[in-house]
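Counting along the sequence shown from 1, when you hit position 37 you're at 37 in my numbering, and nothing is skipped either side.
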Amino acid sequence: MSDRVSGPRIGSLCTGYGGLDLAVELVLGGQLLWYAETDRHARTVCAHHWPHVPNLGDIRTIDWTRVPPVDVLTAGFPCLNDTLGGPSSGGADAVAG
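Shown next, in the form of structure tokens:
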């Protein structure tokens, strides 16, 4: 990773497969400096897109004083309705309640 970044520096929380981050890089011309993702499948996709960008892992365990600052912060959200209730639940589960 270069110390010199052209465009905004981007950080990503709950990254997923990185679709939002790819779009932000494309539109703003910035560079992803780090991301935080725990899902093993999503991590594999992110490692393909950004092989030299560190994955900070679980956002609950990160020492934020050691993380490089960014200009743009993106974030996904857990799809709990689909994950816990299954795709046929239509969102009608205890989490959505």
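Yeah, the Cβ is synthetic: ideal placement off N, Cα and C, and Gly gets one too.
These numbers come from a predicted model, not from an experiment.
Contact set for S12: own chain, Cβ-Cβ below 6 Å, skip 5 residues either direction: In its chain, beyond the 5 residues on either side, D21, Y35 and T74 have a beta carbon closer than 6 Å to the beta carbon of S12.
Opening and closing residue of the beta strand (DSSP E) in which L20 lies: Residue range G19 to L28 is occupied by the alpha helix (DSSP H) that includes L20, with no beta strand (DSSP E) assigned at that position.
Proximal residues to R43 (C-beta, below 7 Å), its chain only, five neighbours per side dropped: So the list reads E37 and N55, once near-sequence residues are dropped.
N-terminal and C-terminal residue of the beta strand (DSSP E) that T74 is part of: Its beta strand (DSSP E) spans residues V72 to A75.
Through-space distance from G29 to T15, alpha-carbon basis: So the two alpha carbons sit approximately 18 Å from each other.
Contact check, W50 vs L26, beta carbons under 9 Å: No, Cβ-Cβ distance for W50 and L26 is not below 9 Å.
Option in F77, A47, A23 and D71 with minimal Cα separation from I59: With distances taken between Cα atoms, I59 lies closest to F77.
Contact test: P68 Cβ vs the ligand HEM heavy atom, cutoff 8 Å: The model on display carries no ligand, and the ligand HEM is accordingly not part of it.
Span of the alpha helix (DSSP H), counted from its first residue to its last, around R60: Here R60 belongs to no alpha helix (DSSP H), and DSSP marks it neither H nor E.
Simplified DSSP assignment, three categories, for W34: Here W34 sits in strand by DSSP.
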